[in-house]
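Enquirer: Going down the list, the protein sequences come from chains A and B. So that you can map any letter, position 25 of the first sequence is 15 in the numbering used here, and since no number is skipped, the others follow by simple counting. To get the numbering used here, take the position in the second sequence, counting from 1, and add 7.
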Amino acid sequence: MSREDVLVTTDWAEKNLGAEGVVFVEVDEDTTAYDGGHIPGAVKFSWTTELTDPVRRDVLSKEDFAAVLSAKGISNDDTVVLYGGNNNWFAAYAYWEFKLYGHQNVKLIDGGRKKWELDGRTLTTEVAERPATTYTAKDADLSIRAFRDEVVASIGVKNLVDVRSPDEYSGKIFAPAHLPQEVSQRRGHVKGAINVPWSKAANEDGTFKSDEELTALYGEAGLDGGKAVIAYCRIGERSSHTWFVLRELLGHSDVKNYDGSWVEYGSLVGVPIELGAGN
Amino acid sequence: MCGAPDQAVALPPGTDLEKQTVLAGRVVAEGSPVGGAFVRLLDGTGEFTAEVVSSASGDFRFFAAPGTWTVRALSRSGNGEAVLTADGPGLHQTQVAVA
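(1) Taking the alpha-carbon of Lys52/A as reference, which of Leu41/A, Tyr91/A, Pro156/A, Asp68/A has the nearest alpha-carbon?
(2) Tell me whether His168/A sits in a helix, a strand or coil according to DSSP, three-state version.
(3) Which first and last residues belong to the beta strand (DSSP E) in which Ala31/B is found?
(4) Can you grab the Cα-Cα spacing for the pair Leu132/A / Glu203/A, in whole Å?
(5) Do you know how far the Cα of Ser39/B is from the Cα of Ile220/A?
(6) In chain A, which residues lie less than 9 Å from Asp13/B when you measure between Cβ atoms?
(7) Tell me, which residues are paired with Arg68/B by DSSP?
(8) Between the Cα of Phe35/A and the Cα atoms of Val151/A, Ala81/A, Asp(-5)/A, which residue gives the shortest distance?
(9) Which class does Val(-4)/A belong to by DSSP, given the choice of helix, strand or coil?
(10) Span of the alpha helix (DSSP H) holding Ser243/A?
(11) Under 8 Å by Cβ, that's how I've got Val153/A and Arg228/A pegged, so tell me the actual separation to the nearest angstrom.
(12) Who are the neighbours of Asp195/A on chain B, taking C-beta pairs under 9 Å?
(13) Start and end of the alpha helix (DSSP H) containing Gly26/A?
(14) Would Lys97/A and Val71/A qualify as a contact pair, given that the criterion is a beta-carbon distance under 8 Å?
(15) Helix, strand or coil for Ala82/A per DSSP?
(16) In its own chain, which residues sit with a C-beta less than 7 Å from the C-beta of Glu25/B, not counting the 5 before and 5 after it?
(17) Just verifying my parser: in three-state terms, what is the DSSP assignment at Tyr248/A?
(18) Quick one: using the 10 Å Cβ neighbour count with 16 as the cut-off for buried, is Arg83/B buried or exposed?
(19) If you draw a straight line from the C-alpha of Gly266/A to the C-alpha of Gly178/A, how long is it?
(20) Taking C-beta to C-beta, are Trp188/A and His242/A nearer than 8 Å?
(21) In whole angstroms, give me the CA-to-CA distance for Lys105/A and Glu140/A.
(22) From what residue to what residue does the beta strand (DSSP E) around Glu16/A run?
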């Protein structure tokens, strides 16, 4: 797999607007940005209400995923081109969920909404309407999803990569710094996890760094290329970004996203946690 | 929630400025507010910590911890940054000029 199979430039995206069999999808946690203007023809996905289960803390079920894609007018044969704000975090989560349910052709726009806006490209408020389809989802591919027991069992065995900021990793703060800091769970990180913040994999315009830079980044951080990898963050979307880098860009064969992430792990009773020095 | 919230909204109800360290400010170009700028918070070592999009009035805010921070803005009007030192909890404000 090469970078071109999984990633497109904003330039490619602009040249392929309206192309047959290509569906642009904007994904975010807060979709007000879409309402204020989006890539022409792009359909809207709310991460909160359309990519996660409305009751349980979980991804959509296979049936619900198929129903959402059918309603959005996406076919199994379509090439889905995902992008979003927040440096593509939620678009990367969507990419991972599309792969989880076996969608063949999915790509991310490199740099997402930020790059598109900084390039000064066209945005529209016209909402895209697509006729409904009958989408068929495959069984979840659990080779890319880690659950809590596997994380605990992987301590000292697999690479555990904590992709949150250094202050979240060390336990200095509970949550990213654009959010209020009141939360109830424990601070710190999974014992033995290395800290490679998601942001180190991206340039400031949101595009991914080169394969050479990325290989050096994880190598210097102590990631053992011969062992399996589990990536986690706080709620599983920043770790989707790193999952994308390690599996889709760098081609590691065994990389899982632990979407339960710190919100789950930091609330478990009796599991190994470490704090950074001075915290 | 983990994405960046709408920066036009006032501080969330119940924000305790006796305990929380809030860094806030405005992005400006030649004295006029710049909405839609990508504002990133970098820690004392230059490490990325968070990013939000400035409101229509150019406003942004972060919930951080005491220390020295750099606020860097990217926009169609240009880029710029400012250093902000929070000596303790409370509201700490700055302005980021882009050119």
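Note that CB positions come from ideal geometry on N, CA and C, so glycine has one too.
Expert: Checking against the coordinates, here is how it stands:
(1) Selected option, being the one with the closest Cα: Tyr91/A.
(2) His168/A sits in coil when the DSSP states are folded into three classes, being neither helix nor strand.
(3) Here the beta strand (DSSP E) through Ala31/B covers 28 to 36.
(4) Going by the C-alpha atoms only, they are around 29 Å apart.
(5) For Ile220/A and Ser39/B, the distance between alpha carbons rounds to 46 Å.
(6) Listed along the chain, the chain A residues whose CB falls inside 9 Å of the CB of Asp13/B are Asp20, Thr22.
(7) Ala31/B, per the DSSP bridge assignment.
(8) Closest in C-alpha terms to Phe35/A, from the list Val151/A, Ala81/A, Asp(-5)/A, comes Ala81/A.
(9) Helix.
(10) For Ser243/A, there is no enclosing alpha helix (DSSP H), as DSSP marks it with neither H nor E.
(11) Taking the Cβ atoms as the reference, Val153/A lies roughly 5 Å from Arg228/A, within the contact range of under 8 Å.
(12) Here the neighbours are Phe45, Leu81.
(13) Start and end: 22 to 26.
(14) Yes, Cβ-Cβ distance for Lys97/A and Val71/A is below 8 Å.
(15) Residue state, collapsed to three classes: helix.
(16) Same-chain partners within the cutoff: Pro96.
(17) For Tyr248/A, the three-state secondary structure derived from DSSP is coil.
(18) Burial state of Arg83/B is exposed, judged by a 10 Å Cβ sphere holding fewer than 16 other Cβ atoms.
(19) Their Cα atoms are separated by approximately 7 Å.
(20) No, the pair does not count as a contact, with Cβ atoms beyond the cut-off.
(21) When rounded, the separation of the alpha-carbon atoms in Lys105/A and Glu140/A is 36 Å.
(22) 12 to 18 is the extent of the beta strand (DSSP E) around Glu16/A.
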